[in-house]
Amino acid sequence: MVYRIPKDELIFPNPHLCDEPDGLLCVGGDLSPKRLILAYSYGIFPWYSFEHYDEPHWYCPMKRFVIFPDEIHVSHSMRSLINKQQYRVSVNNDFDGVIHGCSLAQGRIDMEGAWLGEDIIEAYAALYRLGYAASIEVWDKEDRLVGGLYGVTINGCFMGESMFSLVPSASKLALIGLANHMQDLGWKMIDCQLETPHLRSMGARFIPYDEYMDILRR
434 MVYRIPKDEL IFPNPHLCDE PDGLLCVGGD LSPKRLILAY SYGIFPWYSF
484 EHYDEPHWYC PMKRFVIFPD EIHVSHSMRS LINKQQYRVS VNNDFDGVIH
534 GCSLAQGRID MEGAWLGEDI IEAYAALYRL GYAASIEVWD KEDRLVGGLY
584 GVTINGCFMG ESMFSLVPSA SKLALIGLAN HMQDLGWKMI DCQLETPHLR
634 SMGARFIPYD EYMDILRR
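Just remember that my numbering sits 433 ahead of the position in the sequence shown, which is counted from 1.
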């Protein structure tokens, strides 16, 4: 059953009531910072095509695809690329550039089912201004932004939203940079949200929702 939530009430259904195979829990509400922070505090995230729907769809899969920072897999080819020092990785130097890069790279904004439109961009920019979102940037030697990722930060966990690359392996460099930064901070978990071969090759694995919530609340 997919629930409907009102715009004027800050509430979500119990995620354990979700019985949709894709994790769709509810529809409605808004993208206000308070609602987004509440959602991510329970492992819920918005994802919907802005061309096809005029209100948020909220997901909460019961199997969570995550990377633990100390389990990040760095292949031999990635180690070689890092050692060449062709690219520089930074943290929170250009959130706006990263989120727009994620929206526009490879013509994503014009693809069927595109979700990262202006409403979503402004919602996460507001979270960033409040200190609840972060970005990792990858720069070339000419200081051009060539890749990166962004996500939401809650209680020592990073909920990844999107990544992009304008050169080969830039998004992998960003993810490795994120994992290293989180290890330095003693942070606990990267939520990848969706399974991909790319993320699995870098150490992502499934854990149950209840274990996910134990880590998030710890």
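No residue lacks a Cβ here, since even glycine has one placed at the ideal position from N, Cα and C.
Item, Value
"So, with DSSP's three-state summary, where would you put C625?", "coil"
"Relative to the C-alpha of L604, which residue among G546, Y645 and I532 is closest?", "The sequence given here places Ser at residue 604; Leu does not occur at that position. Selected option, being the one with the closest Cα: I532."
"Should the segment 535 to 553 be regarded as contacting the segment 497 to 511, the criterion being three or more beta carbon pairs within less than 8 Å?", "no"
"List, from N- to C-terminal side, the beta strand (DSSP E) runs of 3 residues or more that fit wholly inside the segment 464 to 507.", "490 to 492 and 496 to 500"
"Are the segment 441 to 461 and the segment 491 to 498 touching by the rule of at least three beta carbon pairs closer than 8 Å?", "yes"
"In whole angstroms, give me the CA-to-CA distance for D576 and S598.", "15 Å"
"For E628, which residues from the same chain have a beta carbon less than 8 Å from its beta carbon, with the 5 sequence-adjacent residues on both sides left out?", "F498, A637 and F639"
"Would you give the residue range spanned by the alpha helix (DSSP H) that V511 belongs to?", "Reading off the sequence shown, one finds Met at residue 511, where the question assumed Val. Start and end: H509 to K517."
"Thinking C-alpha only, which one of S634, R651 and E594 is nearest Q626?", "E594"
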